[in-house]
Amino acid sequence: DGYRNTNQVSDDYRYQDGNYDAPNDGYYRGGDEPAHEEDAQSDVTEGHDEDDEVYEGEYQGIPHPDDIKEKQKKRAPAVADEYRDRADLMAERMEDEEQLAHQYENIIEECGHGRFQWTLFFVLGLALMADGVEVFVVGFVLPSAEKDMCLSSSNKGMLGLIVYLGMMVGAVLLGGLADKLGRKQCLIISLAINAAFAFLSSFVQGYGFFLFCRLISGLGIGGTLPIVFAYFSEFLSREKRGEHLSWLCMFWMIGGIYASAMAWSIIPHYGWGFSMGTKYHFHSWRVFVLVCALPCVASLVALKFMPESPRFLLEIGKHDEAWMILKQVHDTNMRAKGEPERVFTVSYIKTPKQVDEFIEIQSSTGTWYQRWLVRITTTLKQVWDNVLYCLTAQYRMNTLMLAVVWFTMALSYYGLIVWFPDMIRYLQDEAYESRVKIFDEEEVSHFTFNFTLENQIHRNGEYRNDKFIGMKFKEVRFEDSLFEDCYFEDVRSSETFFENCTIISTVFYNTDLYEHKFINCRLINSTFMKEKEGCHIDFEEDNDFLIYLVSFLGSLSVLPGNIISALLMDKIGRIKMIGGSMLISAVCCFFLFFGNSESAMIGWQCLFCGASIAAWNALDVITVELYPTDKRATAFGILNGLCKFGAILGNSIFSSFVGITKVVPILLASSALVGGGLLALRLPETREQVLM
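Residue 428 in the UniProt record's numbering sits at position 428 of the sequence shown, with consecutive numbering throughout.
Written out as structure tokens, the structure is:
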């Protein structure tokens, strides 16, 4: 017994530099209890009888074969990692990660949920709010920006889609980098890119530069969603994760409300701004773009005071930094609870086996750009490996099912979100056209028109010696009419055309009646002098107001769904939440067949948005929980990028059927939701599992 006891103590305690060190076996320890020399000596001599000592050369019996193998294994030198098979290293790492997952869950529970998590909640909420604002900015500024930049319909369509394209690329790229460079660092990069190019886009004058700035701005903000959810989830315990990630989703709704309210209060004041000469104009919509960058800037500043995710630091082997951050979380929460005397009892945390070794390039090696090129290509290669890892046998089925659910949800949601205001505008246009006034064979001579003509059709009329001075045409059409010895000065027009008209000895001075507005007309001895430059104002203030109102109500309508999903996320589970929400949303789509008025369409839009938000929240939660820490942001970025691709397709497909038929958009949206909802029910439930 004494012999065995001596061997056990010698294995468990190693004498180094005059002290006995406790074993680093990687398991969670409630406190730091140093082994004292006196205790070690007493343990060694306990139960030991000098008469039982075995001397060298004395017969000890035939050893058992298993004992021989065990002694040889102990005496054999440890094999260096570079000579071990990679599969063995990965197996060891996976075992370490499983131990770390359970230990980390216990540590987070010891740290508690309090002031630190709530502070991080609001900081990351501002970043998520910036993402919500970015979706609405371009749609709100288009009616005004087209006046300043003379945008055609195709240009406006490209500007609407370019943001989603940037967000798609940014989600995959920055999400992947967050698993290699860190959550905080990549989120700062993402927000900085968005803030810089959003600020720049408010000052550029040309369409090409504005398009480029919104593309890069979208690329930056695209990385926030995968990073924010991965970042925040790693400070939450299992019992709090589903609920508080759902509360975090409310900031996306707040972003939509903020953008709608700011557009409503700023853009209609077209005179807000300044001009520098005739070429540079800074109108109210540019002020709105600046104001929309404020949540991003606020989050960027606040994020400088927040720590990196300790879970990420443990994954890359930075034990001491992770321990200090966890101690900070613990102490902050305990002080807020009035228990500053409580001590953080964790002394050692398991760190996974490091398989990928980084070799720092020396400053004397090559030129500076060669060194940076190697670093960048190496990092991108690692990101690509992470992307491929999400499609390996272990995660392939979950990734493919989640991809289908994300895509079908995005296709129907974003498609309908664009289709609703387009349909409302179409219904308005129909009602407007039904009120058109028609004038047949009127004869007007020696009369001065100095007032607005709107929504009129003049057929077979004759106008002689008339003056059109300082007036506006809106939705006016002249057909088969005669203009003789007339004078047009300082005239502005919108959707106004002359068809099959004869115009004799007429002068057009300082007007925007350009050549394309005269269709099959005969111009005899007529003169065009000093045409207006730039784009004319098309008087769509009422439609602009409608866009703000619809977006505001649509954003506000998700509040009940957000609250319900947050309260029930951990009670009914993620899978039932996704499936139930998508199926209910599909049923809401069929009510759109009865939307034959503006108020009905707005009501069905609010119902649809409120029903679908629970599925979005549950998708965010389950995507975070299904993947390990070193792949979490990458997987989220891939799926969110696919979501933005679905948004691009949805916008393009659904808007093309406006004014043609309602059947195709409604059936496409409802069938996509039903298929995605049923498939979601086959996903694994993650409510009870720890973060790997």
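From the three backbone atoms N, C-alpha and C, an ideal C-beta is built for every residue, glycine too.
Item	Value
Ignore the nearest five residues each way along the sequence and tell me which others in K559's own chain have a CB closer than 7 angstroms to its CB.	First, the residue type needs correcting, since residue 559 is Leu and not Lys in the sequence shown. Cβ neighbours of L559 beyond the five flanking positions: M253.
If you measure between the beta carbons of F312 and G182, is that distance less than 8 angstroms?	yes
Keeping to the same chain, check which residues put their C-beta closer than 6 angstroms to that of I266; ignore five residues upstream and five downstream.	S284, V287, F288
Which word fits T496, buried or exposed, when buried means at least 16 other C-beta atoms lie within 10 angstroms of its C-beta?	buried
According to DSSP, simplified to helix, strand and coil, what is L482?	strand
Of the residues E321, A127, L683, G170, which one's Cα is nearest the Cα of Y231?	A127
Do H446 and E479 have their CB atoms nearer than 8 angstroms?	no
Can you find the residues in the same chain that come closer than 6 angstroms, C-beta to C-beta, to Y83, ignoring five residues on each side of it along the sequence?	Because Y83 sits at a pLDDT of 47, beneath the cut-off of 50, its placement in the model cannot be relied upon, and the following sentence gives the value as read from the coordinates. There are no such residues.
Would a C-beta distance cut-off of 8 angstroms place M401 and L177 closer than the cut-off?	no
Hey, out of L124, L681, A611, whose CA is closest to S670's CA?	A611
Taking just the CA atoms, how far does S526 sit from E443?	20 angstroms
Per the contact definition of three or more C-beta pairs closer than 8 angstroms, is the segment 98–114 in contact with the segment 164–173?	no
Looking at the strands, I want to know which residues DSSP matches up with D440.	R459
Buried or exposed: which applies to I424, given that a residue is buried once 16 or more other Cβ atoms fall within 10 Å of its Cβ?	buried
Taking the straight line between their C-alpha atoms, what separation do you get for E515 and F528?	10 angstroms
In terms of residues, what are the limits of the beta strand (DSSP E) holding E489?	487–489
Could you give the distance in angstroms between the alpha-carbon of S201 and the alpha-carbon of C213?	5 angstroms
Tell me whether E688 sits in a helix, a strand or coil according to DSSP, three-state version.	coil
For F654, I'd like the list of residues in its chain whose CB is within less than 7 angstroms of its CB, leaving aside the five on either flank, ordered along the chain.	G415, L416, V418, W419, P665
If V658 and D422 are in contact, beta carbons under 8 angstroms, what's the gap, nearest whole angstrom?	4 angstroms
Enumerate in chain order the residues of its own chain whose CB-to-CB distance from L248 is below 8 angstroms, with the five nearest sequence positions on each side excluded.	F121, L124, G125, L128, V228, F229, F232
Can you round the beta-carbon distance between S237 and E98 to whole angstroms, since I take them to be within the 8 angstroms contact cut?	Not quite, the Cβ-Cβ distance comes to about 18 angstroms (not below 8 angstroms), so this is no contact.
For R522, write down the residues that DSSP places opposite it in a beta bridge.	T502
Between the segment 296–310 and the segment 153–161, can you find at least three pairs of beta-carbon atoms closer than 8 angstroms?	no
Does any residue of chain D bring its CB to less than 8 angstroms from the CB of R464?	In summary, chain D is missing from the structure at hand, where a single protein chain is found.
Thinking C-alpha only, which one of C501, V404, I376 is nearest L673?	V404
Are at least three pairs of beta-carbons, each pair with one atom in the segment 462–478 and one in the segment 490–507, less than 8 angstroms apart?	yes
When DSSP labels each residue in this structure, what does V587 get in the three-state scheme?	helix
Within a Cβ cutoff of 6 angstroms, which residues of the same chain sit near T224, ignoring the five residues on either side of it in sequence?	A127, D131, S190
Does the Cβ-Cβ distance between V346 and F235 come in under 8 angstroms?	no
Assuming I578 and G675 make a contact with CB atoms under 8 angstroms, what is their CB distance in whole Å?	Rounded, the Cβ-Cβ distance is 13 angstroms, inconsistent with contact.
Thinking C-alpha only, which one of H269, W406, M409, V476 is nearest K437?	V476
Checking 8 angstroms against the spacing of the C-beta atoms, do residue 703 and T634 come in under that value?	Outside the shown range of the chain (1 to 692) lies residue 703, about which nothing can therefore be said.
Look up L453 in the DSSP assignment and give the residues it is bridged to.	F473
Straight-line CA distance for N465 to N455?	24 angstroms
Return yes when the Cβ of S585 is within less than 8 angstroms of the Cβ of A615, no when it is not.	yes
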